[in-house]
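Structure first, commentary second.
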Amino acid sequence: MKLTILGGGGFRVPLVHEAVATAATGLTVDEIALHDVDPSRLATISAVIEGQGEHLTAEGRAVALPRLLATTDLREALTGADFVFSAVRVGGAGARTVDERVALGLGLLGQETIGPGGLAYALRTLPVALEIARTIAELAPEAWTINFTNPAGIVTEAMRSVLGDRVVGICDTPIGLVRRVGRLL
155 MKLTILGGGG
165 FRVPLVHEAV
175 ATAATGLTVD
185 EIALHDVDPS
195 RLATISAVIE
205 GQGEHLTAEG
215 RAVALPRLLA
225 TTDLREALTG
235 ADFVFSAVRV
245 GGAGARTVDE
255 RVALGLGLLG
265 QETIGPGGLA
275 YALRTLPVAL
285 EIARTIAELA
295 PEAWTINFTN
305 PAGIVTEAMR
315 SVLGDRVVGI
325 CDTPIGLVRR
335 VGRLL
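The opening residue of the sequence shown carries number 155 in this note's numbering; numbering runs sequentially from there.
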């Protein structure tokens with residue numbers, strides 16, 4: 155099985171790799187393809203994953219280390235994928251900061267999923283998300299896509315217009331909220 159992670163230079167990627175390598179997922183993943191538009195972030199996360207694999211092996215926790223492909227070529231990353239995690243941030247952290255500060259400057263909630271910040275982020279992200287969806291449809295038409303890209307609802311619906319029911323959107327905010335409330339109780 156091939157798992158492709160778009161936004162593969164993200165800091166959460168090693169968590170996915172560890173879950174796969176230790177068989178915590180219950181799935182056998184032969185290859186993880188990391189795609190990112192930033193080659194330096196991609197190189198950093200790739201090095202972390204390589205070191206993590208060595209560490210897991212030394213501890214005896216590695217069940218099946220998947221092959222790792224790190225690429226800035228979207229088509230290479232998606233070719234033959236069985237599952238795609240999409241976690242891209244169009245414009246990077248700098249664009250998010252601008253979106254949120256503009257909203258706050260207007261006295262409104264400055265956040266990436268709702269309000270003016272969410273709208274700006276959606277307008278910047280939707281063309282990229284649709285291009286990703288079209289590329290998935292072409293190169294991995296049977297793949298299931300899990301979208302983590304915010305604003306998750308809008309982006310997932312846009313991708314659904316291309317991928318149909320083979321895309322699911324997930325936002326981690328509700329899980330975090332439940333945990334925070336639980337700690338307060």
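We treat Cβ as the ideally placed atom computed from N, Cα and C, and that holds for glycine.
If you're wondering where the values come from, they're calculated on a predicted model, not measured in any experiment.
Q. How long is the line joining the alpha carbons of R278 and A216, rounded to whole angstroms?
A. Taking the straight line from one Cα to the other gives about 39 Å.
Q: List the whole-angstrom C-beta distance separating L188 from F239, where the pair is believed to meet the contact cut-off of C-beta under 8 Å.
A: Beta-carbon to beta-carbon, L188 and F239 are separated by about 10 Å, too far to satisfy the 8 Å threshold.
Q. What are the partner residues of H171, as DSSP defines its beta bridges?
A. Answer is none; H171 lacks a bridge partner.
(Q) Just verifying my parser: in three-state terms, what is the DSSP assignment at T310? (A) In the structure shown, T310 adopts helical secondary structure according to DSSP, grouped into three states.
Q | Residues bridged to R221 (per DSSP) | A | In the DSSP secondary-structure assignment, R221 is bridged to E185.
Q | Rounded C-alpha distance that separates L338 from H209 | A | Going by the C-alpha atoms only, they are around 35 Å apart.
Q | Which of helix, strand or coil DSSP assigns to L232 | A | Reduced to three states, the DSSP call for L232 is helix.
Q: Specify whether the region 217-235 and the region 263-278 touch according to this definition: at least 3 beta carbon pairs, one from each stretch, less than 8 Å apart.
A: Under the three-pair Cβ rule at 8 Å, the region 217-235 does not count as touching the region 263-278.
Q) Per DSSP, what kind of secondary structure is T303 in: helix, strand or coil? A) DSSP, read as helix, strand or coil, puts T303 in coil.
(Q) Using 8 Å for Cβ pairs, my map puts I324 next to F302. What's the rounded Cβ distance? (A) For I324 against F302, the beta-carbon gap comes to about 6 Å, under 8 Å, which counts as contact.
Q) So who's on the other strand from F237, going by DSSP bridges? A) The partner list for F237 (beta bridge, DSSP) reads L157 and W298.
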